[in-house]
Every structure is written in C-alpha cells, then in structure tokens.
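Engineer: Quick one: the structure is below, and I'll ask about it shortly.
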Amino acid sequence: MLLANFTTLVLIFALSSIAFECFFLINHDPIRSTKRKDLLISQTTTVL
Numbered sequence: 068m069l070l071a072n073f074t075t076l077v078l079i080f081a082l083s084s085i086a087f088e089c090f091f092l093i094n095h096d097p098i099r100s101t102k103r104k105d106l107l108i109s110q111t112t113t114v115l
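With our numbering, the residue at position 37 of the sequence shown is 104, and numbering never jumps.
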C-alpha cells in the first residue's frame, strides 16, 4: 500500500514537472527544456 502511494506521488510529481517545463520554459529555451523533459521521463520510467 505504501509503495503504491509512493509510486502515485512520484507519477504526479513527474507529470506536473513535465507540464511546468512545457508551459513555462519551452518559450525561453526549447532545446534545454526538451532535454530536461526527456530526463524526467527516463527518471520516472526508471522508478516504475
């Protein structure tokens, strides 16, 4: 149960981080934010 809750929290955090990158930072530095998004996605899949 605790593991499921933790996984859910990690997923929510990762998704909100990706959303933040997409909406706020892509206008300033598209290349860097794309790399960061890929890094976040790979970290999330590693955790799962």
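Note that CB positions come from ideal geometry on N, CA and C, so glycine has one too.
Roughly how many angstroms lie between the CA atoms of Phe80 and Thr101, to the nearest whole one?
Structural biologist: When rounded, the distance between both Cα atoms is 17 Å.
Engineer: Would you grab the beta carbon distance between Ile85 and Leu107 for me? Rounded to a whole angstrom, and I think it's under 8 Å.
Structural biologist: So it is a contact: roughly 5 Å between Cβ atoms.
Engineer: Who are the near neighbours of Gln110 in its chain, counting only those whose CB is closer than 8 Å to its CB and skipping five residues on each side?
Structural biologist: Ala81, listed in sequence order.
Engineer: For Phe73, report the span of its alpha helix (DSSP H) as first-last.
Structural biologist: Unbroken alpha helix (DSSP H) run through Phe73: Leu69 to Phe87.
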